[in-house]
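Engineer: Chains as they are written, first to last, in numbering that gives the first Met the number 0: chain A, 0 to 370; chain B, 0 to 199.
We put the beta carbon where it would ideally sit given N, CA and C, even for glycine.
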Amino acid sequence: MRHRVAVLAVIALLLATGASMANPGGEGDADRDFTCGGSCHGDPALSSPSDGTVSISVDPLSFSGTATAVHITASGMSLSGNRLLGVFLLGSANGNDDHPEDYGWGILQDPNGGTRNYVEVTVPPSGSVTLTWVMLAPEQLGIQTLLAEIHHGSTPNSNNWAYSSLTRGYVVDVQPVPENLPGFAFDWSPETRVTGDDSPTEIRTRNTTSVSIQWMLEGEWVPHDAEVTGEGDHWHALLPATIGETRIQYQVTTSNGDFSIVQPWLTVATEPAAFDGEIWGARIQSLAFGLLVMAFLLSLQARLSPWEGRPELDHTEEVESAEAPPEPPGLEPDQGYWSRLIPSDENPGWLWDPVEEEWVADPDNPPEGGE
Amino acid sequence: MFGPATFHAAMAEVVVGTMVLASLCAIGCATATFLPGIAGGRLSSERVMVTMDKASIAGALLGLAFMPIAALSGSFAADNVVNSALLYNKFVYTGLAFGFWASFVVGRVRLGPGIWQHKSLSALQGATAAMAMLMTTMASSIGGKLVRGESLFDIMPVWLPSDSATVLSPIVSAALLIVGIAALVVVIRLGPKAERISSD
Numbered sequence: 000m001r002h003r004v005a006v007l008a009v010i011a012l013l014l015a016t017g018a019s020m021a022n023p024g025g026e027g028d029a030d031r032d033f034t035c036g037g038s039c040h041g042d043p044a045l046s047s048p049s050d051g052t053v054s055i056s057v058d059p060l061s062f063s064g065t066a067t068a069v070h071i072t073a074s075g076m077s078l079s080g081n082r083l084l085g086v087f088l089l090g091s092a093n094g095n096d097d098h099p100e101d102y103g104w105g106i107l108q109d110p111n112g113g114t115r116n117y118v119e120v121t122v123p124p125s126g127s128v129t130l131t132w133v134m135l136a137p138e139q140l141g142i143q144t145l146l147a148e149i150h151h152g153s154t155p156n157s158n159n160w161a162y163s164s165l166t167r168g169y170v171v172d173v174q175p176v177p178e179n180l181p182g183f184a185f186d187w188s189p190e191t192r193v194t195g196d197d198s199p200t201e202i203r204t205r206n207t208t209s210v211s212i213q214w215m216l217e218g219e220w221v222p223h224d225a226e227v228t229g230e231g232d233h234w235h236a237l238l239p240a241t242i243g244e245t246r247i248q249y250q251v252t253t254s255n256g257d258f259s260i261v262q263p264w265l266t267v268a269t270e271p272a273a274f275d276g277e278i279w280g281a282r283i284q285s286l287a288f289g290l291l292v293m294a295f296l297l298s299l300q301a302r303l304s305p306w307e308g309r310p311e312l313d314h315t316e317e318v319e320s321a322e323a324p325p326e327p328p329g330l331e332p333d334q335g336y337w338s339r340l341i342p343s344d345e346n347p348g349w350l351w352d353p354v355e356e357e358w359v360a361d362p363d364n365p366p367e368g369g370e
Numbered sequence: 000m001f002g003p004a005t006f007h008a009a010m011a012e013v014v015v016g017t018m019v020l021a022s023l024c025a026i027g028c029a030t031a032t033f034l035p036g037i038a039g040g041r042l043s044s045e046r047v048m049v050t051m052d053k054a055s056i057a058g059a060l061l062g063l064a065f066m067p068i069a070a071l072s073g074s075f076a077a078d079n080v081v082n083s084a085l086l087y088n089k090f091v092y093t094g095l096a097f098g099f100w101a102s103f104v105v106g107r108v109r110l111g112p113g114i115w116q117h118k119s120l121s122a123l124q125g126a127t128a129a130m131a132m133l134m135t136t137m138a139s140s141i142g143g144k145l146v147r148g149e150s151l152f153d154i155m156p157v158w159l160p161s162d163s164a165t166v167l168s169p170i171v172s173a174a175l176l177i178v179g180i181a182a183l184v185v186v187i188r189l190g191p192k193a194e195r196i197s198s199d
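(1) Going by DSSP in three states, B/His7 sits in which element: helix, strand or coil?
(2) Taking B/Ile196 as the query, report the chain A residues whose CB atoms sit under 9 Å from its CB, ordered along the chain.
(3) Measure from the alpha carbon of A/Tyr249 to the alpha carbon of each residue in A/Leu265, A/Leu237, A/His235, A/Ala240, then state which is nearest.
(4) Taking A/Arg246 and A/Glu217 to be in contact with their CB atoms under 8 Å, please state how far apart those CB atoms are, rounded to whole angstroms.
(5) Does A/Gly369 come within less than 8 Å of chain B when only Cβ atoms are used?
(6) At which residues does the alpha helix (DSSP H) containing A/Ile260 begin and terminate?
(7) Give the straight-line distance between the Cα atoms of A/Gln213 and A/Leu238, rounded to the nearest whole angstrom.
(8) Measuring only from the beta carbon, is A/Gly276 closer than 7 Å to any heavy atom that is part of the ligand NAP?
(9) Is the shortest distance between the beta-carbon of B/Cys81 and the beta-carbons of chain A less than 8 Å?
(10) Would you tell me roughly how many angstroms separate the C-alpha atoms of A/Ser285 and B/Met137, rounded to the nearest one?
(11) Strictly below 7 Å CB to CB, what residues from chain A border B/Phe97?
(12) From the DSSP output, which residues share a beta bridge with A/Gly182?
(13) Please name the residue or residues paired with A/Glu270 in a DSSP beta bridge.
(14) Once DSSP output is grouped into helix, strand and coil, what is the label at A/Ala29?
(15) Drop a sphere of 10 angstroms on the beta-carbon of B/Thr127, count the other beta-carbons inside from all chains shown, and report buried for 16 or more, exposed for fewer.
(16) Tell me which residue opens and which closes the beta strand (DSSP E) that A/Glu219 is part of.
(17) Using a cut-off of 8 Å between C-beta atoms, extract the partners of A/Val292 located in chain B.
(18) What residues match up with A/Ser54 in a beta bridge as DSSP calls it?
(19) If we call anything under 8 Å between Cβ atoms a contact, is A/Trp234 one with A/Thr208?
(20) Taking DSSP's pairing of strands, which residues face A/Leu88 in a bridge?
(21) Run down chain A in chain order and give the residues with a C-beta less than 8 Å from the C-beta of B/Leu133.
(22) Does any CB atom of chain A fall closer than 8 Å to the CB of B/Val166?
(23) Taking 7 Å as the limit between beta carbons, can you name the residues of its chain near A/Val133, skipping five residues before and five after?
(24) Which residues of chain A have a Cβ atom closer than 8 Å to the Cβ of B/Leu176, listed in chain order?
(25) Excluding the 5 residues flanking A/Gly369 on each side, which residues of the same chain have their C-beta closer than 7 Å to its C-beta?
(26) Would A/Gly17 be called buried (16 or more neighbouring beta carbons within 10 Å of its own) or exposed?
(27) Can you list, in chain order, the residues of its chain whose CB lies under 7 Å from that of A/Val304, leaving out five sequence neighbours each side?
(28) Suppose the cutoff is 7 Å on Cβ atoms and the five residues either side in sequence are ignored; what does the same chain contact list for A/Ser19 look like?
(29) Buried or exposed: where does A/Thr129 fall if 16 or more other Cβ atoms within 10 Å of its Cβ makes it buried?
(30) I need the straight-line Cα distance from B/Asp153 to A/His2, nearest angstrom please.
(31) Going by beta carbon distance, what residues of the same chain come within less than 7 Å of B/Ala77, once the five residues before and after it are set aside?
(32) Please classify B/Ser161 as buried or exposed, where buried requires at least 16 neighbouring CB atoms within 10 angstroms.
(33) Is there at least one Cβ from chain B nearer than 8 Å to A/Ala18's Cβ?
(34) For the region 74-94 of chain A, list every residue whose C-beta sits within 9 Å of some C-beta in chain B, in sequence order.
(35) Is DSSP giving B/Val171 helix, strand or coil here?
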């Protein structure tokens, strides 16, 4: 019976390894083609349609080289325990060359503050999430198409499927940019700041004579005006430092005498401060901790082990100082017992008991040597 | 040819596997010392005790031998750059695991197999093995966190600190290292001589 239980336990453990999924912790933000370029998620045997809905909201008209916001909303998905959702912004669904940049788009900022077309987010308990990419419209004029795709897990997910959903193509008509239209410089992208850094944020523009900036914390409704300095398409805005999980959003309005363009909301991309540890410090600290632990445990072992001279092991003084307790009543040997004992000259201090056939210590003449 | 990351994964598996064997057997010995009647007395029988004792010391010795190889290959796999608190803590937990396992081996070698017949020493050895295994699994779980973004410790109710690291300056670490070496010398050379415990 025990052997059967052991065999079943081993089989259960072996089967449990197959219950783990490929990358349930996510792959991180990246530049990816449709279904990761035909990787395992594209295999129909390893994927299944998502039960969620996904849609794109984008201005159908855009001017070449100007910033435009693309909002992707996903909702109603049955998610896995970590509620992780991967979202793609694509220019096509061929499986290769699907990145919007392959169609002339530029990513000014992704929803996580980077410049990727695939991002991972944790979906809030509401089950709905809206992500915004700020894009620079392509130089090539005419009809452009944008698509969105989502990937996620599910609980339970006995088949280890990846659940995915792809939108239809959303059309954007790219028109030639009006002459003298103020906007961001083509080679400018929002900078990433370190947590706690409140140094001025640099913004570069074109055809712009003045800039105004409003900022607000994510979730706020009322924006605040930021102090802006600079001239000649080179500006510095004073935005508060980002601390912890707080995200700051800001909106730039570029103006000249002819136009005033309100740009899409951007996020102050924040990254943790660089880790200040170094390899040799880690090695020395590690070795030091190990040796200290070792010294402590070896001293404990020595303290607990029986070693020569350990006071609590030598009870001679206690034994010598203790008086012999009186024999319990009724157990004192009677006179007949003592009279039958025979003294021995060969063994001084000992008496021979012929009845019990044993040597007994003589109480009147205790044997020397202790034996 | 294979990269240092692959080699590190193989070495780490050897270390963790042998250490699991060592810690299970050590905890078994300690349990049998305190609860001789457990499992109908079979756990505390001489044959099982001798087997578990030998398995624990063999596993710990093998793990200790491979631990420096695993640590060095891991260091090369990370390009000898510590760029996150997780990686820094991996070093620290590896050092702690080394200290606990080395103490376990030294104690067993110095005091002999009779160590399991002495209740307080048996408890100390069992606790040392358990702590050593905890440190080893923490170090290896951090590896899983770094590579896969998850580890089995995610489902445990208790997770030792790993997302933030206490980074001592190299001077303080060096001072601690000297203190550690001095403490070891004092314990081994100047302290009471631990004698081998004779088995009944």
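Structural biologist: According to the structure shown:
(1) helix
(2) Ser304, Pro305
(3) A/Leu265
(4) 4 Å
(5) Since pLDDT at A/Gly369 reaches only 48, below the 50 mark, its modelled position is unreliable, and no value is offered.
(6) Per DSSP, A/Ile260 belongs to no alpha helix (DSSP H); it is in the beta strand (DSSP E), 259-261.
(7) 9 Å
(8) With respect to the ligand NAP, the structure offers nothing, as it holds no ligand at all.
(9) First, the residue type needs correcting, since residue 81 of chain B is Val and not Cys in the sequence shown. Yes - at least one Cβ of chain A is within 8 Å of the one on B/Val81.
(10) 14 Å
(11) Gly289
(12) A/Arg205
(13) A/Val193
(14) strand
(15) buried
(16) Unbroken run through A/Glu219: none, as it is neither H nor E.
(17) Leu95, Gly98, Phe99, Ser102
(18) A/Thr72
(19) no
(20) A/Ala147
(21) Correct list: empty, because the minimum Cβ distance to chain A is about 12 Å.
(22) yes
(23) Ala66, Ala68, Leu107, Gln108, Pro263, Leu265
(24) Ile283, Leu286, Ala287, Leu290
(25) A caution first: A/Gly369 carries a pLDDT of 48, below 50, which makes its placement in the model unreliable, though a value can still be read off. Nothing listed; no residue qualifies.
(26) Below a pLDDT of 50, predicted positions are generally treated as unreliable, and A/Gly17, at 48, falls in that range; no measurement from the model is reported.
(27) Residue identity check: residue 304 of chain A is Ser in the sequence provided, not Val. For A/Ser304, where only same-chain residues beyond five positions count, there are no Cβ hits under 7 Å.
(28) Caution applies to A/Ser19, whose pLDDT of 46 falls short of 50 and renders its modelled position unreliable; the model cannot decide the point.
(29) exposed
(30) 32 Å
(31) Leu86
(32) buried
(33) Residue placement at A/Ala18 is flagged as unreliable, the pLDDT there being 48, under the threshold of 50; a coordinate-derived value is accordingly withheld.
(34) Asn81
(35) helix
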